[in-house]
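Peer 1:
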Amino acid sequence: MTCYDLRFPDMALALALQGADVLALPTGWVRGPLKEQQWSTLLAARALDTTCYMIAAGECGNRNIGQSRIIDPLGVTIAAAADRPALIVAEIFRERIDQVREQLPLLQQRRFAPPQLL
Numbered sequence: 001m002t003c004y005d006l007r008f009p010d011m012a013l014a015l016a017l018q019g020a021d022v023l024a025l026p027t028g029w030v031r032g033p034l035k036e037q038q039w040s041t042l043l044a045a046r047a048l049d050t051t052c053y054m055i056a057a058g059e060c061g062n063r064n065i066g067q068s069r070i071i072d073p074l075g076v077t078i079a080a081a082a083d084r085p086a087l088i089v090a091e092i093f094r095e096r097i098d099q100v101r102e103q104l105p106l107l108q109q110r111r112f113a114p115p116q117l118l
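In the working numbering, the protein residues as written are 1 to 118.
#1: Would the C-beta of Arg63 count as close to the ligand GTP, meaning under 6 Å from any of its heavy atoms?
#2: CB-CB under 7 Å to Ser40, same chain, minus the five flanking residues each way: which ones, in chain order?
#3: As an exercise, report each continuous alpha helix (DSSP H) stretch of at least 4 residues that is fully enclosed by the segment 83 to 116, in chain order.
#4: Does Arg31 come out as helix, strand or coil in the three-state DSSP assignment?
#5: Arg110: buried (16+ other C-beta within 10 angstroms of its C-beta) or exposed?
#6: Between the C-alpha atoms of Pro85 and Gly58, what's the straight-line distance to the nearest angstrom?
#7: Please name the residue in Asp72, Gln67, Pro73, Leu74 whose C-alpha comes closest to that of Ala80.
#8: Just to check my reading of the structure: Thr50 and Leu6 have Cβ atoms closer than 8 Å, yes? What is that Cβ distance to the nearest angstrom?
#9: What residue does the beta strand (DSSP E) around Met54 start on, and which one ends it?
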């Protein structure tokens with residue numbers, strides 16, 4: 001996934017249904033009204049939709065918000081950076097993925113056909 005793909009749940013869902021446990025997202029999220037809130041909300045939503053970890057690298061600079069994050073499968077931010085260059089680190093646990101998928105078997109209980117990516 002890259003940048004704008006975050007706004008469309010089908011890409012993340014298709015990857016999770018194909019076996020992904022961690023989704024990486026390099027992005028240049030452009031500054032603007034409410035963009036930081038959209039960024040954090042969409043990252044948490046995609047992690048929760050897919051029960052995957054999200055690793056999002058946000059480009060810093062005058063035009064972009066930065067704010068790299070690592071989100072766990074329940075949508076909880078476990079590491080975050082500000083709007084400046086930074087290194088963020090978090091441990092990713094297979095057990096956490098399994099636990100969340102047992103509590104929320106979203107991928108197994110889908111009622112609709114998997115998304116077809118164009």
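By construction, the Cβ of each residue, glycine as well, lies at the ideal position given by its N, Cα and C atoms.
Peer 2: Once the coordinates are examined:
#1: You won't find the ligand GTP in this model; it holds no ligand whatsoever.
#2: Correct list: empty, nothing qualifies.
#3: Along the segment 83 to 116, the alpha helix (DSSP H) occurs as fully enclosed runs of 4 or more residues at 94 to 103, listed in sequence order.
#4: Reduced to three states, the DSSP call for Arg31 is coil.
#5: Of the other Cβ atoms in all chains shown, fewer than 16 fall within 10 Å of the Cβ of Arg110; this residue is therefore exposed.
#6: Roughly 9 Å separates the two Cα atoms.
#7: The shortest C-alpha separation from Ala80 is found at Gln67.
#8: So it is not a contact: roughly 12 Å between Cβ atoms.
#9: First-last of the beta strand (DSSP E) with Met54: 53 to 58.
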